[in-house]
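See structure below.
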Amino acid sequence: DTIFGDLGPVGGVDFDTLASLLRGGDGATKTKKTPLKKNEGIKVLDASRAQNMAIVLSKLPISSQELCDALLHLDFSAMAVSEDMVELLTGVLPTNEECDKLKMYQDSPEELRDIEQKVLPFCFLPRSHARLRLLRLASSHSELCAQLRTRCENLRGAAQEAMTS
Numbered sequence: 001d002t003i004f005g006d007l008g009p010v011g012g013v014d015f016d017t018l019a020s021l022l023r024g025g026d027g028a029t030k031t032k033k034t035p036l037k038k039n040e041g042i043k044v045l046d047a048s049r050a051q052n053m054a055i056v057l058s059k060l061p062i063s064s065q066e067l068c069d070a071l072l073h074l075d076f077s078a079m080a081v082s083e084d085m086v087e088l089l090t091g092v093l094p095t096n097e098e099c100d101k102l103k104m105y106q107d108s109p110e111e112l113r114d115i116e117q118k119v120l121p122f123c124f125l126p127r128s129h130a131r132l133r134l135l136r137l138a139s140s141h142s143e144l145c146a147q148l149r150t151r152c153e154n155l156r157g158a159a160q161e162a163m164t165s
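Numbered according to the UniProt record's numbering, the sequence shown spans residues 1 to 165.
Written out as structure tokens, the structure is:
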């Protein structure tokens, strides 16, 4: 004998309603809505390589197209790209083989995945590695120039104070 044997019949419980609740409603089968997958586009790059490229390109303060345009015209004044970012970018540029595959979609880049669309401008940038090295040099030069200018201004101020005292 258990303690449940002493309880007797359970009153006030509608077992049909309880079963209906546990089934999830009125017992009618519900159609499951599956979310629509967005069209990912054509995958040209390896998944891990594409992920690495996406991580680096997402950190850029400007779009890849704007960066390529500035590099093409060697206009480094509008870019706020650090030396470290240039080094990372150099490591993820598409290879010649990848560029050849991507260039096949030059006329219809919308068919490509998002990351392939972002990388595509680098495929049409002549001597991209050399241009990025030049950008890194310009970036380090501007930082060094600013530091030296500050030092010279400090020296000038100290010299003027020494002359007036």
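All C-beta atoms in this analysis are idealised placements derived from N, C-alpha and C, irrespective of residue type, glycine included.
Residue i, buried or exposed, once every other Cβ within 10 Å from all chains shown has been counted against 16
i, result
"M53", "buried"
"C68", "buried"
"A80", "exposed"
"S128", "buried"
Assigned secondary structure, residue i (DSSP; H/G/I helix, E/B strand, else coil)
i, result
"L88", "helix"
"I62", "coil"
"L112", "strand"
"K38", "Unreliable placement is indicated for K38, whose pLDDT of 49 sits below 50; the coordinate value is still reported in the next sentence. In the structure shown, K38 sits in coil (DSSP, three-state: anything other than H, G, I, E or B)."
"F124", "coil"
"Q117", "helix"
Candidates the options: closest to residue i by CA position
i, options, result
"F89", "K101, S64, M104, L102", "Just to set this straight, residue 89 is Leu in the shown sequence, not Phe. Comparing Cα positions, the closest option is S64."
"E143", "P61, A47, S82, D14", "S82"
Residues of its chain near residue i, where Cβ-Cβ distance is below 6 Å and the 5 sequence neighbours each way are ignored
i, result
"R131", "L71"
"V44", "K101, L102, E116"
"R113", "E40, G41, K43"
Counting Cβ pairs, one atom from each stretch, are 3 or more of them under 8 Å apart for the segment 152 to 164 and the segment 129 to 137?
-> Contact annotation: the segment 152 to 164 does not touch the segment 129 to 137, with fewer than three C-beta pairs closer than 8 Å.
Three Cβ pairs or more, each shorter than 8 Å: is that satisfied between the segment 95 to 106 and the segment 62 to 76? no
task: Could you say if the segment 122 to 135 and the segment 54 to 62 meet the contact criterion of at least three C-beta pairs nearer than 8 Å?
output: With a cut-off of 8 Å, the segment 54 to 62 and the segment 122 to 135 do not count as touching, because too few Cβ pairs lie within range.
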